[in-house]
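Peer 1: Quick one: this structure, given as structure tokens, is what I'll be asking you about.
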Amino acid sequence: MAIDTSNTMKPGGPTTGRSGSTAAPTRTDNSSRKPETAAEAPRDSVVLSQEAQSLSKLQEAVENAPEVNSEKVDAIKRAIAEGRFEINADRLAEAILSQDDLLN
Numbered sequence: 238m239a240i241d242t243s244n245t246m247k248p249g250g251p252t253t254g255r256s257g258s259t260a261a262p263t264r265t266d267n268s269s270r271k272p273e274t275a276a277e278a279p280r281d282s283v284v285l286s287q288e289a290q291s292l293s294k295l296q297e298a299v300e301n302a303p304e305v306n307s308e309k310v311d312a313i314k315r316a317i318a319e320g321r322f323e324i325n326a327d328r329l330a331e332a333i334l335s336q337d338d339l340l341n
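Numbered by my numbering, the letters in the sequence shown go through residues 238 to 341 in order.
Set out below in structure tokens:
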């Protein structure tokens with residue numbers, strides 16, 4: 238495909254649909270207008286949905302959670318591998334239910 242670099246089209250011609258005028262649009266003079274003060278300026282406000290508030294609380298809880306204790310994790314892995322790890326179903330259920338409180 239060849240590109241024509243001769244630029245034979247004239248501004249305002251029937252193909253471009255542009256006018257030949259290059260003048261910038263005129264501005265109206267607002268110098269007599271008083272500047273708005275902070276009290277007069279409109280204020281924006283944001284209202285978060287219940288879900289967004291819950292997610293915000295959950296994110297904060299995750300950020301405030303203690304770091305992972307690698308030694309404890311390794312000890313649990315060894316206990317599971319050796320068959321010594323016992324699961325306390327009541328304690329697990331309580332922990333799961335307490336996590337639900339973070340979402341409400």
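Where a beta carbon is used, it is the ideal one built from N, C-alpha and C, also for glycine.
Run the CB neighbour count on Glu319, radius 10 Å, all protein chains shown included, and call it buried at 16 or more, exposed below.
Peer 2: Against the sequence shown, residue 319 aligns to sequence position 82. Burial call: exposed.
Peer 1: For a quick check, are the C-beta atoms of Ala316 and Phe322 less than 9 Å apart?
Peer 2: In the sequence shown, counting from the first residue as 1, residue 316 sits at position 79. In the sequence shown, counting from the first residue as 1, residue 322 sits at position 85. Yes, the Cβ-Cβ distance between Ala316 and Phe322 is below 9 Å.
Peer 1: Alpha carbon to alpha carbon, how far is Ala278 from Gln296? Give it in angstroms, no decimals.
Peer 2: Position 59 of the sequence shown, counted from the start, is the residue given in the question as residue 296. Position 41 of the sequence shown, counted from the start, is the residue given in the question as residue 278. One C-alpha to the other measures close to 34 Å.
Peer 1: Taking only runs of the alpha helix (DSSP H) that begin and end inside the stretch 290-335, which ones reach a length of at least 4 residues, in chain order?
Peer 2: Qualifying alpha helix (DSSP H) stretches, in chain order: 307-319.
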